[in-house]
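Before any comments, here is the structure.
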Amino acid sequence: MSQILQESGTGEVEFLEFVVNGKSYAINVIKVKEVLHISPKDLRKVPLSDPAIAGLLLSRSRVIPAIDLSYVIDGSPAKESTEVVICEFNKLTVAFIIDDFTHIHRIRWDAISKSFDSSASSLLIGVALINEKIISLLDFEKIITDIAPDTGISEKMLIEADSLDRSYIKVALADDSILIRKLLNETLSKAGYTDLRIFDDGQQLLDYLLNLVAQKGADFLEDVQLVVTDIEMPMMDGHTLTRRIKEHPLLKKLPVIIFSSLITNDLKHKGESVGADAQLSKPEINELISTIDRFLATS
């Protein structure tokens with residue numbers, strides 16, 4: 448792995464470019480554990496499963512569900528002889544069937560444009576122009592949640608309502624996924640957090656904070672008391688956002704919780720190096736709520 452994968456808050460990312468039905472897509476290298484060549488006989492069909500699940504794959508003594516990206520994107524099954532990208536995120540191990548993989552690109556997050564499709568059904572979170580080629584970034588969390596809703600954030604995951612008053616707590620959140628923003632808003636509101644500021648990316652959230660400081664100085668805490676951020680976001684990622692907050696003479700007072708599908712024991716050092724106060728893996732919404740409560744005493 449190259450240097451960038453060990454550094455945090457640099458504003459850069461490495462993507463694995465791959466091809467499905469002649470079009471180029473990308474996934475963050477940090478999610479990728481292995482790329483394998485397979486054939487149909489390597490997959491064990493699952494009766495009555497979602498049609499996007501091509502079957503189960505045995506890899507290194509692990510049974511892994513294989514998602515057919517050709518079916519997810521275009522509604523047509525993958526060709527017979529193909530590649531799989533084995534990934535780990537959201538505490539899950541999943542294989543995605545692709546046609547081929549091409550390059551690893553290192554680019555800046557602010558070179559990634561947001562998707563022009565802002566509908567709730569969109570599978571894109573952004574696009575990048577690399578070597579005069581348009582490469583689309585897929586929302587892999589949405590793909591998995593659409594197939595297996597119980598693996599994602601939902602009100603069903605909330606513990607029984609308690610008597611704590613959270614209505615006065617002011618939280619700012621950043622996440623690029625339309626689905627995750629919606630689910631976070633629903634679940635946190637259900638838990639009593641009624642004063643939420645939700646942003647599409649880290650740059651938007653940082654601009655909001657800097658504007659508050661410009662207007663109010665140290666009194667900015669009257670409007671926001673805690674930040675929750677994803678890691679992967681166009682324009683500005685969560686690690687860079689956290690570093691910018693913690694390097695600011697006034698904003699550094701804000702507790703920052705990184706809430707991401709990429710939080711693992713192997714990767715927590717990245718958040719620690721930029722000064723994150725806590726790091727939690729999606730979709731642990733109850734742990735997120737208890738962590739916010741720990742930083743901001745409720746009554």
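In this text, residue positions in the sequence shown follow the working numbering: the first is 448, and each later residue adds one. Note that beta-carbon positions come from the ideal geometry of N, C-alpha and C, so glycine has one too.
### Message
Could you give the first and the last residue of the continuous beta strand (DSSP E) run that contains Ile477?
### Response
Looking at the DSSP string, Ile477 is not in any beta strand (DSSP E), and its letter there is neither H nor E.
### Task
Measure the alpha-carbon distance for Ser728 versus Gly522 and round it to whole angstroms.
31 Å
### Task
For the beta strand (DSSP E) containing Val531, list its first residue and its last residue.
529-536
#### Entry: Separation of Ile732 from Met683, as counted between CA atoms
23 Å
### Query
Of the residues Glu734, Leu516, Pro730, Lys693, which one's Cα is nearest the Cα of Ser720?
Ranking Glu734, Leu516, Pro730, Lys693 by CA distance to the CA of Ser720 puts Lys693 first.
### Query
In terms of residue numbering, what span does the beta strand (DSSP E) encompassing Leu643 cover?
642-646
### Residue range of the alpha helix (DSSP H) that includes Gln662
649-663
### Task
Ignore the nearest five residues each way along the sequence and tell me which others in Asp622's own chain have a CB closer than 6 Å to its CB.
Arg628, Asp677
### Three-state secondary structure assigned by DSSP to Asp557
In the displayed model, Asp557 falls within a helix according to three-state DSSP.
### Task
Can you give me the start and stop residues for the beta strand (DSSP E) that Ile577 sits inside?
571-577
### Query
Is the beta carbon of Asp648 less than 8 Å from the beta carbon of Pro681?
yes
### Message
Per the DSSP calculation, Ser583 is bridged to which residue(s)?
### Response
Tyr472, Val574
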